[in-house]
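Quick note on numbering: the sequence shown equals residues 9 to 313 in the numbering used here.
Structure, as structure tokens:
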Amino acid sequence: MRKALRSSRCRCEPGRRGGRSRAWAAPDRLVDLVRHKTLAFTPGSTVIGFSAFDTRGYRTVDVRSGYGEWVATYERTVENAMDIELLETLRKVPWRRLRRAADLGCGTGRTGAWLRLAGVSSVDGVDLTPEMLAVARSKGVYQRLVEADVSSTGLEAGAYELVVACLIDEHLRGLQPLYREAWRLARPGGSLVLVGYHPHFIMAAGMPTHFNSRSGEPLAIETYVHPLSEHVTAALSAGWVLVEMQERFIDDAWLALKPTWGRFRNYPISMAFAWQKPEAGAVAKRGHASRRRNDKTTNKTNSSL
Ligand SMILES: C[S@@+](CC[C@H](N)C(=O)[O-])C[C@H]1O[C@@H](n2cnc3c(N)ncnc32)[C@H](O)[C@@H]1O
Numbered sequence: 009m010r011k012a013l014r015s016s017r018c019r020c021e022p023g024r025r026g027g028r029s030r031a032w033a034a035p036d037r038l039v040d041l042v043r044h045k046t047l048a049f050t051p052g053s054t055v056i057g058f059s060a061f062d063t064r065g066y067r068t069v070d071v072r073s074g075y076g077e078w079v080a081t082y083e084r085t086v087e088n089a090m091d092i093e094l095l096e097t098l099r100k101v102p103w104r105r106l107r108r109a110a111d112l113g114c115g116t117g118r119t120g121a122w123l124r125l126a127g128v129s130s131v132d133g134v135d136l137t138p139e140m141l142a143v144a145r146s147k148g149v150y151q152r153l154v155e156a157d158v159s160s161t162g163l164e165a166g167a168y169e170l171v172v173a174c175l176i177d178e179h180l181r182g183l184q185p186l187y188r189e190a191w192r193l194a195r196p197g198g199s200l201v202l203v204g205y206h207p208h209f210i211m212a213a214g215m216p217t218h219f220n221s222r223s224g225e226p227l228a229i230e231t232y233v234h235p236l237s238e239h240v241t242a243a244l245s246a247g248w249v250l251v252e253m254q255e256r257f258i259d260d261a262w263l264a265l266k267p268t269w270g271r272f273r274n275y276p277i278s279m280a281f282a283w284q285k286p287e288a289g290a291v292a293k294r295g296h297a298s299r300r301r302n303d304k305t306t307n308k309t310n311s312s313l
């Protein structure tokens, strides 16, 4: 199965429109938008739409209809370099020891298949798009598959040692509902792994998540830009603790897959966060420790008055 996944090709085809000069125009337009207060960068409080960066101008479709059509070619066009290879770099996640995982935005089951190969005993999947779920079902790697939004999965609370979300966050208007739902699902001590299309790349390349429709028309699927600080803010406010982060850059291996991407060499194209939900006791201990620290500081301050 791993070999089959490895042989798949890239999700992002080189542009039909735009080009080097248009791609580089995006930052100027961005500066204008910020200067004229059309965009305000306050982490967690502003939805950054993709249109300010768009160098392609593809017609945009919603998630469900987009993936409902892309499903036919999805696994041939998505690159393992984007997500699977990043999963392989994470050292703080004890894959082999994990018994139960929830795969949010599981799509056709690429992530679930990798998790099973990595040693995770049982994986449940959730996705909005029935056609993607049908392919996931045919793989036979999931214990349970549910058609639902990742913000409200209906899965059992506190039941999972791992929650994973790969290549989905760019389709979400906001990140807090995802991080909160993942927190609800994870058991104390459990992990959340999120792999995403890098916001820096989306901004710099002006390239939405897209595919070629049956008629050959390139179509964009509703895409949002979530700066890394928005991830950190949303995850911390849900209670997660960051244990590891990795980024994948455009290197020779990527350029072998996408020879026309020379102008993106060294740009980060995807990122992986590994978060942990502290054990119940650890939360209490951390609370005590910080209270003790605060008391000491207060005493010092008082005695120096
Ligand atoms: C790029 S695919 C990723 C699939 C899989 N994780 C992978 O890595 O191949 C994105 C998937 O997220 C799903 N999706 C997007 N927004 C969603 C939401 N709000 N709730 C549930 N699924 C969603 C889409 O239906 C699609 O199957």
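Even glycine gets a Cβ: it sits at the ideal position worked out from N, Cα and C.
Computed from a predicted structure; not experimentally measured.
Rounded C-alpha distance that separates residue i from residue j
i	j	result
A110	V158	11 Å
R145	A156	15 Å
V149	C114	11 Å
K266	Y232	23 Å
P196	A288	6 Å
A212	F61	8 Å
P216	F58	7 Å
V201	V251	10 Å
G214	T63	5 Å
V131	S199	14 Å
T309	E93	Because the pLDDT of T309 is 40, which lies under 50, any placement of that residue in the model is unreliable, and the question is left without a value.
P185	R124	27 Å
I229	D260	28 Å
H218	Q284	32 Å
W103	S223	41 Å
E238	A126	29 Å
L180	I56	11 Å
E189	F272	34 Å
A194	Y205	23 Å
A165	L183	19 Å
E255	V203	9 Å
V101	K147	24 Å
Cut-off 7 Å between Cβ atoms - residues of its own chain near residue i, not counting five sequence neighbours on either side
i	result
Y187	A242, A243, A246 and W248
E77	S221 and R222
R99	E252
Own chain, CB closer than 8 Å to residue i, minus 5 neighbours either side, in chain order
i	result
M253	M279, A280, F281 and A282
W269	P22, I258, W262 and L263
R72	L136 and T137
G162	V154 and A156
Same chain, Cβ closer than 6 Å to residue i, neighbours up to 5 away in sequence not counted
i	result
L106	V128, E169 and L170
T305	Low per-residue confidence applies at T305: pLDDT is 46, beneath 50, and the placement is therefore not dependable, though the value from the model is reported in the following sentence. Answer for T305: no residue qualifies.
Distance CB(residue i)-CB(residue j) smaller than 8 Å
i	j	result
M90	L153	no
P207	H234	yes
L112	V172	yes
P226	Y75	no
T116	E83	yes
W122	L141	no
Chain D within 8 Å of residue i, Cβ atoms only
i	result
A264	The structure shown contains no chain D, having only a single protein chain.
(request) With a floor of 3 residues, list each beta strand (DSSP E) that falls wholly inside the region 220-254, ordered by position along the chain. (result) Secondary structure in the region 220-254: the beta strand (DSSP E) runs of 3 residues or longer, each lying completely within the stretch, are 226-229 in chain order.
(request) Within the region 57-85, note down every full alpha helix (DSSP H) run reaching 4 residues or more, in order along the chain. (result) Runs found: 71-78 and 82-85.
(request) Any chance you could list the alpha helix (DSSP H) runs of at least 4 consecutive residues sitting entirely within the region 102-187, in chain order? (result) Taking only runs of at least 4 residues, the alpha helix (DSSP H) segments lying wholly in the region 102-187 are 118-126 and 138-147.
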